[in-house]
Every structure is written in structure tokens, then in C-alpha cells.
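Protein chains: 2
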Amino acid sequence: MPPFVSGSRVTIHDVARHAGVSHQTVSRVINEHLSVAPSTRQKVLEAIETLKYQPNQAARSLVTQRSGTLGIVSFGLTYYGPAQMVVNIERAARLRGYGVALTSIPELSEGEIERGLLELRKQSVDGFLLVAPLRGVNTERIRSLCGHTPFVLLDAAETGGTPGVTIDQMSGGRLAAQHLLDLGHEHIALLSGPQRWHDARLRLEGWRAALTHAGYTPVSVLEGDWTAASGFGLTQELLASRIPFTALVAGNDQMALGALWALHERGVAVPSDVSVLGFDDIPESRFFHPPLTTVRQDFAALGALSLAALLEAVESPREAQALPTRVLLPELVVRASTTSPRRT
Amino acid sequence: MPPFVSGSRVTIHDVARHAGVSHQTVSRVINEHLSVAPSTRQKVLEAIETLKYQPNQAARSLVTQRSGTLGIVSFGLTYYGPAQMVVNIERAARLRGYGVALTSIPELSEGEIERGLLELRKQSVDGFLLVAPLRGVNTERIRSLCGHTPFVLLDAAETGGTPGVTIDQMSGGRLAAQHLLDLGHEHIALLSGPQRWHDARLRLEGWRAALTHAGYTPVSVLEGDWTAASGFGLTQELLASRIPFTALVAGNDQMALGALWALHERGVAVPSDVSVLGFDDIPESRFFHPPLTTVRQDFAALGALSLAALLEAVESPREAQALPTRVLLPELVVRASTTSPRRT
DNA sequence: ACAGGTGGATCGAAGTAGGCT
DNA sequence: AAGCCTACTTCGATCCACCTG
Chain A
93 MPPFVSGSRV
103 TIHDVARHAG
113 VSHQTVSRVI
123 NEHLSVAPST
133 RQKVLEAIET
143 LKYQPNQAAR
153 SLVTQRSGTL
163 GIVSFGLTYY
173 GPAQMVVNIE
183 RAARLRGYGV
193 ALTSIPELSE
203 GEIERGLLEL
213 RKQSVDGFLL
223 VAPLRGVNTE
233 RIRSLCGHTP
243 FVLLDAAETG
253 GTPGVTIDQM
263 SGGRLAAQHL
273 LDLGHEHIAL
283 LSGPQRWHDA
293 RLRLEGWRAA
303 LTHAGYTPVS
313 VLEGDWTAAS
323 GFGLTQELLA
333 SRIPFTALVA
343 GNDQMALGAL
353 WALHERGVAV
363 PSDVSVLGFD
373 DIPESRFFHP
383 PLTTVRQDFA
393 ALGALSLAAL
403 LEAVESPREA
413 QALPTRVLLP
423 ELVVRASTTS
433 PRRT
Chain B
93 MPPFVSGSRV
103 TIHDVARHAG
113 VSHQTVSRVI
123 NEHLSVAPST
133 RQKVLEAIET
143 LKYQPNQAAR
153 SLVTQRSGTL
163 GIVSFGLTYY
173 GPAQMVVNIE
183 RAARLRGYGV
193 ALTSIPELSE
203 GEIERGLLEL
213 RKQSVDGFLL
223 VAPLRGVNTE
233 RIRSLCGHTP
243 FVLLDAAETG
253 GTPGVTIDQM
263 SGGRLAAQHL
273 LDLGHEHIAL
283 LSGPQRWHDA
293 RLRLEGWRAA
303 LTHAGYTPVS
313 VLEGDWTAAS
323 GFGLTQELLA
333 SRIPFTALVA
343 GNDQMALGAL
353 WALHERGVAV
363 PSDVSVLGFD
373 DIPESRFFHP
383 PLTTVRQDFA
393 ALGALSLAAL
403 LEAVESPREA
413 QALPTRVLLP
423 ELVVRASTTS
433 PRRT
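Residue numbers (the numbering used here), protein chains in the order written: chain A, 93 to 436; chain B, 93 to 436.
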């Protein structure tokens, strides 16, 4: 029973000695160079196995100028969307042989994003993924902070030529509003997410565009902060204002949940008195009272696609600039929270 | 407008030349060694600033044998608890000057945990945090995989002498059951989380212990998988079985949500016909129909405490073995979903 | 004796050049 | 000529021994 030290104190030379070859050959095997006979290759691999050799990443990246890790700057990991993206990015990265360094920023502001980037730069990553849908981010600023390190923006829409992947939030918004219009609604109130968020802004624009196109204007537009609590509070305000409405569109499913409860407390029936619509399709929304009609977004695909885009840039820097902005389309999921307005 | 290369091609020697000192002095400043006059120190700092010098982490850790990053192996980042922990660990780590490498495992099994550890070892982290509440993890196996690298288990209860931080799930379970007993309930059904999870097991044990102590047994015990869908399905089963019950305890808030909807569909009123109790206190549970009585856990504190424990081990390896297992207590939050059973 | 410079060696791997079988 | 070796350099920072004003 050997003491089995995993502190990685075993070097390439130990492997070489054990296999009876030179360290050069070991290096060739590890990096899959040509000109290694299958038999010696086998010997080396066995030595690596029995010695539990792990190449020293620091030494390696010192000479290769690559760390083999990608950096994610993410906001709101406790929200459904960002968490989904991060998980899927990480999984895809491992499959491609990369590790992931994460920093989550406590507040969605340009300053925090920059801080996040600087932190990750210290860890010397090979590429950045920014899951930070702040409206009006200064792309130039980010580009200069990233320097020669490629980066990808997720969920940012003003991708001024920067490689990026997006879900078309605006068409998602349109989808939602159109659904209500098709049902015959004319008095629609909007509860948006924080307008500093790109997503929130675009969803609102989508809602508005569909309404305008049909010749209507929203009876009320209020801004929340994605939380159920804000959806609850804003709906209370809306009810107190006595503005009549037959449908309520929320910026995300959590806000819709808060709205549902506020309506319930006032004795307003959903959907017979008021239809409610969410956004995201979190797993729970199917079990809201009533089950929520909402717009589904494929965050997993978004994460995976972004990673693919980033790695293209990392591994073949030449074409980095030519990367297209990819766009995913959301999908309407109709459940019991929406119906035609009551005839008056 | 200088081309501003951030590829970190500027070395310690460039800084030295710019500041008119030796590379030795620059190193002394960076590592806060003594014997540097304030004036020269200032000069060096200025040179670092204007050259935008960033020490090369690879070179640094090659000699210091430290990477300055900690590894997190986490399961279920899309769940509220784990996400909270990861975010808080990361934040605390940055404050202490550490970066974070993350790997989330797709499935909660011992094999996956090991894979996660191996992946992180490649990134040569200084310490591990395992957010993986698998029941019966082989601590010895993990210890050997970690080798000389210190590690901390979050949420694992069989911390056989390993440094760990836990929330006392069992007393949380007792809290919940006792609340129902105090209200006068005698026919209580239990909807547990997956029993491979430590948390789920301990909560169930807590519920049972409290009931047993009061002279009762649960009328039914069903096992779900944390999702609202499972809470829904199990509650349907329970109702179909026609076993009478006046209270339902769920393994977490999501399962409670599913249960609420299943009860509602059958015309069972909450809380007047059946009381429902959750676990976790996710932000949304306040807006369930009705607002959910649940057991709050301070995941943020758990994350921060674990990090502190780990860093103690990382920075002063001597006392690593002597680290105590810290335990946090959960708290009951009473809302509208529980009340006394109807007199029959 | 304090503030600093000089000139190394060192960490572990990758890569290069030339040479032997 | 493929397969492998020896010997040396490089990457960037740390740290040491030793010197100097």
C-alpha cells in the first residue's frame, strides 16, 4: 500500500524513467505528436497510469501561453436562465477539454462587469463568456478589457459586430402579445422587468410592437425587478389605480406568480376575469394557480452555442472577427392562465 | 491611442526598467516584502499602473506551488440551494483573493463526484468544495482523490472527522412536524425528496422522529425527486389511495407547489381541508396559493462558512485535521398554508 | 543595519537541433 | 528513414546568496 501522494509531485521525468524512455518521448505521447512507435507509446501510457501522473498545468501554460480554462462572468446565478446557461456552458466546455472559472457579479452594472473581467484576467483564461444582459454595455470598453482574449456576449442584443448569441426576446414579446390579441383582448397591462436589462427592454418592445401593430396601446406599463414580490406589488398598484384591464403580461414567470397572488387576494379570477402571461417557462410555472401560459426560452441551447462560438475564436484566432451573431427563437406555451376576455 | 495589448506580454522586467529599479525590487513590492522604501515602492506601483502589468499566474504558481483558485464540485446549480451556496462561496473567495473553478455534475452519483474532482485536479486548485449531498459518500475515497489538497464537504452529514459545514436538516424536519402536531394534526402524509440525497433522508428522519415522539406514525410516505412535477404526481396518488390525511409535508418548496396544485384540482382546500408544509423558503413560496409555511435555510451563511473553513485548511495546513464540523440551524416560517385541522 | 542591486538557480513542461541506430 | 535519445533553451516569476552604499 503505497502512500499515494496526489500532490502531483511526479513529473514527466519520473514517467520517463519508469517507462525507460526519455522525457522527450513522454512529451510526444502526451501531446500526440507523430513519430512514436505504438509499443513505446503503450509503455509510456502505462507508466502514466501507474504513477498517476498529472501534467503540471502551470508549467504547461507557462510555455504554451494557454491555460485551458474559460472564464464566465455571470449575473444572477440564482435565476433560472443564467443558471441554465452556466451549467450548459460548463458541461460543453469540459467535453471540449476546457475548465471553467466563474465569477458572479452581485449587481448588474458596467462597473461590476469590468471588475468581473479583471478578476478573471488574473486567472488568465483563454476566453470570456459574458452572461450579463445589461443594456447599453460599452462593447468597445469590454473589447479593450479583454484585450487579445476572445469573448462572447450572451443575451446582449446590441452586438455591434461582436461575436454573440442571443435569444430573440423581441419576437418572444410579440408572440405573447399576439396570443392575447388573438384571444380578443384589448385592455392589456404590462409588467416589465428592469429596463436596465436588455431582455426586459426587448420583451417590452415586442409587446408594444404587437399592440401598436394591432392599433392598441397598453393600458398601463409598470417596471419591476424580476422578483415575485415586485410582480405582487405592481399588480396591487395596478388594481388600486382602477384602470380596467383584461390581460396582464409579466416580464418573467416569477413576476407572473406574484401577480397571480395579488389578483387572487382581490378576488379577481384568472383567467376568466384577467388573463396572465409569463416569460421563461420555469419548471414550476406548470403548477401555478392556474398553470401559466408563458414563452419558453432554450437557455441550454444558448449556452452550448455560445461556447461553440467562443471556442472557434479561441482555437482559430484568425476568423474570430468574422463570427456571426446567432439568434434563437422562443416559443409560446399555452396553458390555463389565458383565455378570451369576458363579453361586456 | 496606443494599441493597448492586454495579452499580458509585459513582464516584471519591463516594470523594473520603467521604474528604474531591479526586478527583485518589483517582486518585493508585489509580494509585500519588507525592506522597500516608500518612495521606491510608489515608483514601482506607478510603473505597474501605467504599463498595466499583470503578473503571469502560470509562472507564479509554477514556483509557489499554488494556483490561487479553489474548485467547486456542485450538483444541481439550477436548484435554489446549491446556486445560493455557489454564489456565496465565490463572493467570499474573491474577497480573500482566490478565484473559483466550477464543475457541476449532471447526476448525483459517486462516480460523477469523482469525475468532477479529477477535472478540477487538472486545473490544479488549492482546495475543493463539494456541494454534493449524496448519502453514504465514501469519505475515504474522496480523501484519497483529493490527496494533499484540502477539501470541505457542504451538506454532508456523515462527516466522519472531515472538515465540513452542515445545516441540521433533521432538526428542520422536527421543526416542521412539531408545528403540525402543535396545531393538532394527527393524520400526516410525507412527501420526501429522493432518499439518495442526504438532505432528503435527514428531513424525513426529522419528521418521523417528531411524529414518533408524539405517538403517531405518518399515514403515508412517498418519495419524489424535488421537482414540482413529482410533488404533483405523488399527491395525486395519495388522493387516489383514499387514505385520509389532514396535513402534507413536502421535501422542498417546489414539491409543495406541485402538491398544492394537485389538491386544488381535486377541490381540496388549503389549509382548511389539508395543511401543506414546504422546505427551503425559496423567494417564490411567499406567493404560492396560499403562501407557504416552510423551513428556511441559510444557504448563504453555509457557503461563506464553508469557504472560511477551507481557507483555514489551505493557508495553515497543520491544523487542517482539527477543523470542527460546523452546524447551522434552520428556522420555521409560518404562513397561510397551515392551520388547525377541522373538527370532525 | 537598512535599502536595494546583481546574478544566479528553480519550478515543470515544451520545443528545437543534431545525432545515433 | 522512422524512431528515439541527449542536450539545451524558453516561458515568467520567486527566492536565495551575496554584495554595496
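A virtual CB, placed ideally from N, CA and C, is assigned to each residue, including glycine.
| Query | Result |
| --- | --- |
| Is the beta carbon of A/G338 sitting closer than 8 angstroms to the one on A/V366? | Sequence check: residue 338 of chain A is Thr here, not Gly. Yes, the pair counts as a contact, with Cβ atoms nearer than the cut-off. |
| Under the rule that 16 or more other beta-carbon atoms within 10 Å means buried, what is A/E376, buried or exposed? | buried |
| Unbroken beta strand (DSSP E) runs of length 3 or more, entirely within the segment 361-389 of chain B: which are they? | 367-369, 386-388 |
| Any beta carbon of chain B sitting closer than 8 angstroms to that of A/E211? | yes |
| Spatial neighbours of B/V313 within its chain, please: CB distance less than 7 angstroms, with the 5 preceding and 5 following residues excluded, ordered by chain position. | L282, S284 |
| Determine which residues of the segment 182-198 of chain A have a Cβ less than 8 angstroms from any Cβ of chain B, and write them out in chain order. | E182, R183, R186, G191, V192, A193, L194, T195, S196, P198 |
| Is B/Q328 near the ligand MG - that is, is its Cβ less than 7 angstroms away from at least one heavy atom of it? | Among the components modelled here there is no ligand, and therefore nothing to report on the ligand MG. |
| Using a cut-off of 8 angstroms between C-beta atoms, extract the partners of A/G350 located in chain B. | F379 |
| Going along chain A in order, which residues have a C-beta closer than 9 angstroms to the C-beta of B/Q346? | P375, E376, F379 |
| At least one CB of chain A closer than 8 angstroms to the CB of B/T161: is that the case? | yes |
| Does A/A405 have its Cβ less than 8 angstroms from a Cβ in chain B? | no |
| Taking the straight line between their C-alpha atoms, what separation do you get for A/L187 and A/H110? | 30 angstroms |
| Show which residues of chain B have a CB atom less than 8 angstroms away from the CB atom of A/R172. | Before going further, note that residue 172 of chain A is Tyr rather than Arg in the sequence given. Result: T170. |
| Using a beta-carbon distance cut-off of less than 9 angstroms, what residues from the segment 301-327 of chain A approach chain B? | T319, A320, A321, G323, F324 |
| Report the CB separation of A/T117 from A/V136 in whole angstroms; it is logged as a contact under 8 angstroms. | 7 angstroms |
| Applying a beta-carbon distance threshold of less than 8 angstroms, which residues of chain B neighbour A/A342? | What A/A342 touches in chain B: nothing, since even the nearest Cβ is about 12 angstroms away. |
| Quick check on DSSP: helix, strand or coil for A/L264? | The sequence as given places Gly at residue 264 of chain A; Leu does not occur at that position. Helix, per DSSP. |
| Under 8 angstroms, Cβ to Cβ, is there at least one residue of chain A near B/L246? | no |
| Specify the secondary structure class of B/F220 as computed by DSSP and reduced to three states. | strand |
| Verify the CB distance criterion: does B/H356 have a CB-CB separation below 8 angstroms to chain A? | yes |
| Along the alpha helix (DSSP H) that carries B/S153, what are the first and last residues, could you check? | 149-156 |
| Just how far apart, CA to CA, sit B/E211 and A/G191? | 8 angstroms |
| Check whether the Cβ atoms of A/A193 and B/L154 sit closer than 8 angstroms, and answer yes or no. | no |
| In chain order, what residues of the same chain have a beta carbon less than 6 angstroms from the beta carbon of B/V425, not counting five sequence neighbours either side? | D373, T386, R388 |
| Could you name the residues of chain B that A/W353 contacts, counting a contact when the two beta carbons are closer than 8 angstroms? | F379, F380, H381, P383 |
| Excluding five sequence neighbours on each side, which residues of the same chain lie with their C-beta closer than 6 angstroms to the C-beta of A/E204? | I197 |
| Go ahead and label A/A72 buried or exposed: buried means 16 or more other beta carbons lie within 10 angstroms of its beta carbon, across all protein chains shown. | No information on residue 72 of chain A is available, as it lies outside the stretch 93 to 436 that chain A covers here. |
| Roughly how many angstroms lie between the CA atoms of A/L399 and A/G219, to the nearest whole one? | 10 angstroms |
| Can you tell me whether A/G112 is buried or exposed? The criterion is at least 16 other CB atoms within 10 Å of its CB, across all chains shown. | exposed |
| Under a three-way DSSP split, which group does A/S98 fall into? | Note that A/S98 scores a pLDDT of 39, beneath 50, so its modelled location is shaky; the value from the coordinates is reported in the next line. Residue state, collapsed to three classes: coil. |
| Please confirm if B/Q176 has its CB atom under 8 angstroms from at least one CB of chain A. | yes |
| With DSSP as the reference, please indicate the residues paired to B/S333 in a beta bridge. | Paired residues: none, contrary to the question. |
| Excluding five sequence neighbours on each side, which residues of the same chain lie with their C-beta closer than 6 angstroms to the C-beta of B/Q328? | A354 |
| Just the C-alpha distance for A/R207 and A/S131, rounded to the nearest angstrom, thanks. | 51 angstroms |
| Would you please verify whether the beta carbon of A/L402 is less than 8 angstroms from any beta carbon of chain B? | no |
| In the structure shown, what three-state DSSP assignment does A/R418 receive? | strand |
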